[in-house]
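The letter at position 124 of the sequence shown is residue 285 when you use the working numbering, and the numbering goes up by one with no holes.
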Amino acid sequence: MYKFFKLFTPKSYILPLHKRSGSVQLFILLALMTALVVIIASVHLSLFKTVDRWQSLIQYQASIEIPALDEQGNTRSAAQVQQNIRRIKDFLKNTQASHDIEVMDTTQVAALLNPWLGDDGKILDNIDLPTIINFKLKASSADDVKYISERITKIAPRARLQTHENWLDKFLAILHGIHILGVLIIIITMVSTIFVISSSVRARMNIYNEDLSLLHIMGARDRFILKQFITYLFSICVPACLLGYICASLILAAVSQLLLGAEIDFLPSFGLNAHQFITLMTVPFSIFALTMLIGSHTVLREMKKMP
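Structure (structure tokens):
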């Protein structure tokens, strides 16, 4: 570790602050905190991107479920089912609030249930499956939804309109809570970083208390002594932040590669595009700036207490 820090040590660095115990621990802690904040920030960015995609796919989607049974619980004939489908389709085509109408018959609905119920037909043959009409709303207006719901109920009394809006609102509320939790974790991590840096600098000053007091008595200015600690923190913080960022990027790339094989559109992708890469680069720079700022403040405050 001494040879490693020596690469970052200028000739004016006269206090061997890195030779005593604690430097490796500080290096590891800064690297871990950088990696943690980068991963959390990347998850936040990925979730925001995924939520936008979900909203674009689901927000204006709607479906009408036409049960196979009538009001008395009797199975509708194929002619009655087709008549209801035709009348609802004609209504949706004539209204200005919907487009992209698609009908899913019982065979297509059964195909959706195959992964859970099996495709041997023994269970599905005994179930009266509904017909589903999918369409898109041109605008998510409560008045339009109410109007369409009332009209289809008159056409087919047991038909139900589903807009997925309630489900989407609840899901977005859960994600909002996750974002708040992530922000709190980042704040706690940054506050912990402040205490770690301040404690480490004070420990170094206590170890070299006699040397610092002698330099102070001999006329060394606070700025000169501060420069020694700034050099020490620089030699630890720069490689630690760089290592933490690289490790976090590799972890995110590995997770993204694993999720890529799932081929599920609603899963978030943790890969780093150009915008995310630039955004996440602010994390190690922020921790570096925080280290320099807190370290300098601690040194100057402790120097005022010396003779």
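Ideal Cβ positions, reconstructed from N, Cα and C, are used throughout, including at glycine.
| task | Tell whether a beta-carbon distance below 8 angstroms holds between residue 402 and residue 448. | result | Position 241 of the sequence shown, counting from 1, holds the residue named residue 402. Position 287 of the sequence shown, counting from 1, holds the residue named residue 448. Closer than 8 angstroms, so yes.
| query | Taking the alpha-carbon positions, what's the residue 171 to residue 215 distance? | reply | The sequence position of residue 171 within the sequence shown is 10, counting from 1. The sequence position of residue 215 within the sequence shown is 54, counting from 1. Residue confidence for residue 171 is low, a pLDDT of 49 falling below 50, so the modelled location carries little weight; the figure read from the coordinates is stated next. Distance between the alpha carbons of residue 171 and residue 215 is about 53 angstroms.
| Nearest neighbour of residue 378, chosen from 464, 328, 339 [CA to CA] | Here residue 378 refers to the residue found at position 217 when the sequence shown is read from its first residue. Closest option to residue 378, Cα to Cα, is 464.
| query | Which whole-angstrom value is the C-beta distance of residue 413 and residue 203, which I expect to be below 8 angstroms? | reply | Start at 1 with the first residue of the sequence shown, and residue 413 comes out as number 252. Start at 1 with the first residue of the sequence shown, and residue 203 comes out as number 42. Contact holds; Cβ gap of about 5 angstroms.
| Exposed or buried, what is residue 308 when buried is set at 16 or more other beta-carbons lying within 10 Å of its beta-carbon? | On the sequence shown, residue 308 is found 147 positions in, with the first residue counted as 1. Residue 308 is exposed by the Cβ-count criterion.
| query | For residue 442, does the count of other Cβ atoms within 10 angstroms reach 16, so buried, or fall short, so exposed? | reply | Looking up residue 442 in the sequence shown gives position 281. So residue 442 ends up on the exposed side.
| query | residue 198 and residue 336 look like a contact to me (Cβ under 8 angstroms); what is the Cβ gap, rounded to whole Å? | reply | Position 37 of the sequence shown, counting from 1, holds the residue named residue 198. Position 175 of the sequence shown, counting from 1, holds the residue named residue 336. That pair is no contact at about 20 angstroms.
| query | Looking at the structure shown, is residue 171 part of a helix, part of a strand, or coil, going by DSSP? | reply | Numbered from its first residue, the sequence shown carries residue 171 at position 10. In this prediction, residue 171 scores a pLDDT of 49, lower than 50, which makes its location untrustworthy; no coordinate-derived value is stated.
| field | Residue span of the alpha helix (DSSP H) that contains residue 442, given as start and end | value | Counting from 1 along the sequence shown, the entry for residue 442 is found at position 281. Per DSSP, residue 442 belongs to no alpha helix (DSSP H) and is neither H nor E.
| Spatial distance of residue 220 from residue 235 (CA atoms) | Translated into the one-based positions of the sequence shown, residue 220 becomes position 59. Translated into the one-based positions of the sequence shown, residue 235 becomes position 74. Each residue's alpha carbon lies about 35 angstroms from the other.
| query | Which two residues bound the contiguous beta strand (DSSP E) that contains residue 229? | reply | Here residue 229 refers to the residue found at position 68 of the sequence shown. Run containing residue 229: none; DSSP gives neither H nor E here.
| field | Burial state of residue 456, where buried means 16 or more other Cβ atoms lie within 10 Å | value | Translated into positions along the sequence shown, residue 456 becomes position 295. By the 10 Å Cβ count, residue 456 comes out buried.
| field | Alpha-carbon to alpha-carbon, residue 196 and residue 368 | value | Numbered from its first residue, the sequence shown carries residue 368 at position 207. Numbered from its first residue, the sequence shown carries residue 196 at position 35. One C-alpha to the other measures close to 29 angstroms.
| Distance, Cα to Cα, residue 294 vs residue 330? | Locating residue 294 in the sequence shown gives position 133, where the first residue counts as 1. Locating residue 330 in the sequence shown gives position 169, where the first residue counts as 1. Taking the straight line joining both Cα atoms gives about 23 angstroms.
| field | Residues near residue 245 by beta carbon distance below 7 angstroms, same chain, minus five either side | value | What you label residue 245 is simply residue 84 of the sequence shown in a count that begins at 1. Excluding positions up to five away in sequence, the list reads 227, 316, 317.
| field | Three-state class that DSSP yields for residue 236 in the structure shown | value | The residue labelled residue 236 in the question sits at position 75 within the sequence shown. Note: residue 236 maps to strand in three-state DSSP.
| query | What are the residues that DSSP puts in a beta bridge with residue 321? | reply | Sequence index remark: in the sequence shown, residue 321 carries index 160 (1-based). Paired residues: 226.
| Just reading off the beta strand (DSSP E) that residue 304 is part of, what are its end residues? | Along the sequence shown, one-based indexing puts residue 304 at 143. No beta strand (DSSP E) contains residue 304, which is instead part of the alpha helix (DSSP H) from 303–316.
| task | Give the DSSP-derived three-state secondary structure of residue 163 in the structure shown. | result | By one-based count along the sequence shown, residue 163 stands at place 2. Low per-residue confidence applies at residue 163: pLDDT is 48, beneath 50, and the placement is therefore not dependable, though the value from the model is reported in the following sentence. In this structure, residue 163 counts as helix in the three-state DSSP scheme.
| message | Please report the distance separating the alpha-carbon of residue 304 from that of residue 353. | response | Position 143 of the sequence shown, counted from the first residue, corresponds to residue 304. Position 192 of the sequence shown, counted from the first residue, corresponds to residue 353. About 51 angstroms.
| Hey, how far is the Cα of residue 341 from the Cα of residue 437? | Counting from 1 along the sequence shown, the entry for residue 341 is found at position 180. Counting from 1 along the sequence shown, the entry for residue 437 is found at position 276. If I take the Cα positions, the gap works out to 20 angstroms.
| Reduced DSSP secondary structure (H/G/I, E/B, other) of residue 265 | What you label residue 265 is simply residue 104 of the sequence shown in a count that begins at 1. Three-state DSSP puts residue 265 in a strand.
| How many Å lie between residue 323 and residue 224 at the Cα? | What you label residue 323 is simply residue 162 of the sequence shown in a count that begins at 1. What you label residue 224 is simply residue 63 of the sequence shown in a count that begins at 1. Whole-angstrom Cα-Cα distance: 5 angstroms.
| query | Given that a residue counts as buried once 16 or more other Cβ atoms are within 10 Å of its Cβ, and exposed if not, what is residue 365? | reply | Working through the sequence shown from its first residue, we reach residue 365 at position 204. With 16 or more Cβ atoms within 10 Å of its Cβ, residue 365 is classed as buried.
| request: Grab the span of the beta strand (DSSP E) containing residue 297 for me, first residue to last. | output: If you number the sequence shown from 1, residue 297 lands on position 136. Residue 297 -> beta strand (DSSP E) spans 292–298.
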